[in-house]
Amino acid sequence: VLDPSEITVKDRKEHIPLEQAVEIGLVDLNTNRFGTSNLTDGYKKGLVRERRPPIALKAVIERNDGLKDPLTGKSVTFVESVDRKIVDPEISFVLTNNDWQTLESALASNSVPEDVAANPKKAVDEGKIKTEMEPRGLIDLVVGRYYRPKTG
C-alpha cells in the first residue's frame, strides 16, 4: 500500500501529484482509470510511479546493470530517464569531445556521443560518465543521500 501523496502520474511532459491528476480528471480512483487504460498498466509503463528524488546517472546504471527504469526494469533512453525523474541531469556528467558536460546540457545540445548512448554501462566502465555533487550539499545519514539546498 502506497501513500497517495507519494505517487506521481505522467501528464503530457511531466509527472504531477496523484491528487492533481484526480482533480483534472486524468485519474479516476473509483474505476481505476488512468487516461484510456488503468493504473496498473500505467505503473508497468512507468507513467505512474512512487515519488522519489532523482539520482546520479552513474548510480542508476550501476544499480540496474544498465540504463533501466527501476520500476519497470525496462531499458530507457537518457531523455526518458530525465523525463521520468530517474536521473538528476544536473549532477550527471558525460564526456563529449574531450570535455565534460552536464547531462542536461549534453541533451539540450544533442551532443551525447553515440557510443555512450548505445552502451551506457560500457561508458561508465570506461569513465565517460561521472557524478559531481555540489560541496554545499547535505548528507542524510539515514538514507545515505546528498541533498542540495537549491533543489531538495
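Residue 72 in my numbering sits at position 56 of the sequence shown, and the numbers go up by one each step.
Just so it is clear, CB atoms sit at the ideal spot from N, CA and C, and this is done for glycine as well.
On a predicted model such as this, the values are computed, not experimentally measured, just so you know.
Beta-carbon to beta-carbon, valine 92 and arginine 100 are separated by about 7 Å, close enough to satisfy the 8 Å threshold. Judged by DSSP in its simplified three-state form, lysine 101 adopts coil rather than helix or strand.
Each residue's CA atom was taken as its position, placing arginine 49 and glutamate 130 some 39 Å apart. For glutamate 78, the enclosing alpha helix (DSSP H) starts and ends at 73-80. When DSSP states are grouped into helix, strand and coil, glutamate 30 belongs to the strand group. Taking all protein chains shown into account, glutamate 30 has fewer than 16 neighbouring C-beta atoms within 10 Å of its C-beta and is therefore exposed. Under DSSP, glutamine 117 takes part in a beta bridge, and its partners are Val110.
Burial state of isoleucine 107 is buried, judged by a 10 Å Cβ sphere holding 16 or more other Cβ atoms.
Here valine 25 is near valine 64, since their CB atoms are less than 9 Å apart. Leucine 42 places its beta carbon 9 Å or farther from that of glutamate 66.
Taking C-beta separations shorter than 6 Å and ignoring five residues to either side along the sequence, the partners of leucine 55 in its chain run Asn48 and Val64, following chain order. According to DSSP, residue pairing for lysine 146 in a beta bridge involves Phe109.
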